[in-house]
Each structure stands twice: as C-alpha cells, then as structure tokens.
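Residues are numbered in this note's numbering as their position in the sequence shown, beginning at 1, plus a constant of 1.
Backbone N, C-alpha and C define an ideal beta-carbon position, used for all residues, glycine too.
Keep in mind the model is a prediction, meaning the values are calculated, not measured.
Written out below as structure tokens is the structure these notes cover.
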Amino acid sequence: MMYGVFFCVLLLWIIPWGLFVIIPLALALSVISPAARAEWSEFKNRRISIGIVIIILLNSFALYPVSEPEGAEEWGNPIATENPHAASWPASEQYTWFYDGSVIGIVNSRTPHTFCAWSQDSSSVALGVMLGMHNQRMRQSIEVMNSYIPTFSIDSETFSLEEVETEGSHQYAGEDYFVARFNVKKDGFETTLATVLIVGFPNTGGELTLLSITRPITSSQDDVFEEKIVLQYLE
2 MMYGVFFCVL LLWIIPWGLF VIIPLALALS VISPAARAEW SEFKNRRISI GIVIIILLNS
62 FALYPVSEPE GAEEWGNPIA TENPHAASWP ASEQYTWFYD GSVIGIVNSR TPHTFCAWSQ
122 DSSSVALGVM LGMHNQRMRQ SIEVMNSYIP TFSIDSETFS LEEVETEGSH QYAGEDYFVA
182 RFNVKKDGFE TTLATVLIVG FPNTGGELTL LSITRPITSS QDDVFEEKIV LQYLE
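What follows is the structure, given as structure tokens:
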C-alpha cells in the first residue's frame, strides 16, 4: 500500500493541475477494459485504503503554515497582516497595503491539489473562483477602499466578482506570468465599481504566491496590467 501512496504523491509533483487530472485519469483507466474492472474487484479494499491515506496526508499538508508575505519597499508597511474573511483551509497568510490609490494584497497559500509549479497558479485561481474564495478575500479590499477613498462606497456584503476575458498571461521584466482579471460589481447592478488584477508566482512544493491589485474605477490609472506595482514587487 505504501508504494501506491508514494506513487500518487509523486504524481502530484509532476502532473500539472494535480488532482484535477489524476482523479479523472485514474477513474478512466479503471473502467477502460474488463481486466481493469476485474482488478478493481480484486484490489478494491487496498485502493480505498490508499485513497483514504492520501486524503489524510493532503489535508494535513494543507494546514501546514506558509511563509510570511513580503511586499515592495515602496509600499511601506502593510495596513493589515491578516484577513478575517479568508477561509481557514487551506493554510494561507495575507498582507494588505494601500498604495497609489489601490489595495494590494500578497497571499501565500497552500495548494494541496498539486505540488507542481506548472499551472499551479491557474488551477488555484480556477478553484478559488469555483469555491468563492476570491469573494471572501475581496471583502477586506472593499472595506479598505471604503476607509481610505472618500469617493468609494460599497457594502462589502453585497458585491460580486465578474471574471474578465484576458490573454491568461502577461510579460513583466521579460518573463511571462499568469494573470487573471475581475470586475467588482454591486449585486443587481451592471456598473463596474472596481477592477482586480491577480498575478501568480508559482513554486514547486505546494505553496503559491498571488499578488492582487484592486483599484476603484474612479482612479486615473488606465494600465490594466499594473506594470508599475508588479515590477516593484519583482525587484
């Protein structure tokens, strides 16, 4: 059984999207032929045990503390070093800054579904959209803008994030990085109140760094890819 657990964990290090690919692939292989179906009957208990052990291991890993977020020197000190609205699973740390008329968040988060750096950022953002994690974290950004920007006011309980179609990546300092863009809207209204840019910085081993920049639509900033702030972070 231990060999099976080791093999499954090894796949998490080398297969992009991790469990999102491994589980469907395993199910497809298990029913693709009569011989494979017969093996399920013969080794059913062993495979169920392997699955339970893997779930326990990944859940334990998801709760392991992450490193402390670091921002650019130009941003000054963070105005918040935790997000009370963020989910407790998986483990994460978020620091928040108010700089250049925008709310900047650095999130270090566990990615228990994959240990592979390739597509770690895109799969995690997609999972966050499905589970509503981005909406939870966005509440803090809205509360900060309400406090720091006199012309901005929106109930942090009644908003929605609308994903904006984009190229999926953008080049900063000569390298391509995953990006995702969202519009912040008040529930029941079509007017965009703020824009959100997320830039991913993947790492092998199951910890992901996400840079989010939330800017009210009243700002004079018209660079949707926030070159200035992202480059400051990369320096």
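| Query | Result |
| --- | --- |
| Enumerate in chain order the residues of its own chain whose CB-to-CB distance from E227 is below 6 Å, with the five nearest sequence positions on each side excluded. | L198 and I214 |
| Which partner residues does S161 have in the DSSP bridge list? | K186 |
| Is the region 62-70 close to the region 82-94, with three or more CB pairs under 8 Å? | yes |
| What is the residue span of the beta strand (DSSP E) that P91 lies within? | Neither: P91 is in no beta strand (DSSP E) and is coded neither H nor E. |
| Closest to Q233 by CA distance: which of L59, E69, I105 and I24 is it? | I105 |
| Would you kindly work out how many angstroms separate the C-alpha atoms of V225 and I51, rounded to a whole number? | 46 Å |
| Do the region 181-194 and the region 145-161 meet, that is, are 3 or more Cβ pairs less than 8 Å apart? | yes |
| Figure out for me which residue from E176, T219 and H135 has the closest Cα to the Cα of L211. | H135 |
| Comparing the CB of V130 with every heavy atom of the ligand COA, is any distance shorter than 7 Å? | In terms of ligand content, the structure shown is empty, and the ligand COA therefore cannot be addressed. |
| Taking buried to mean at least 16 other C-beta atoms within 10 Å of its own C-beta, is G72 buried or exposed? | buried |
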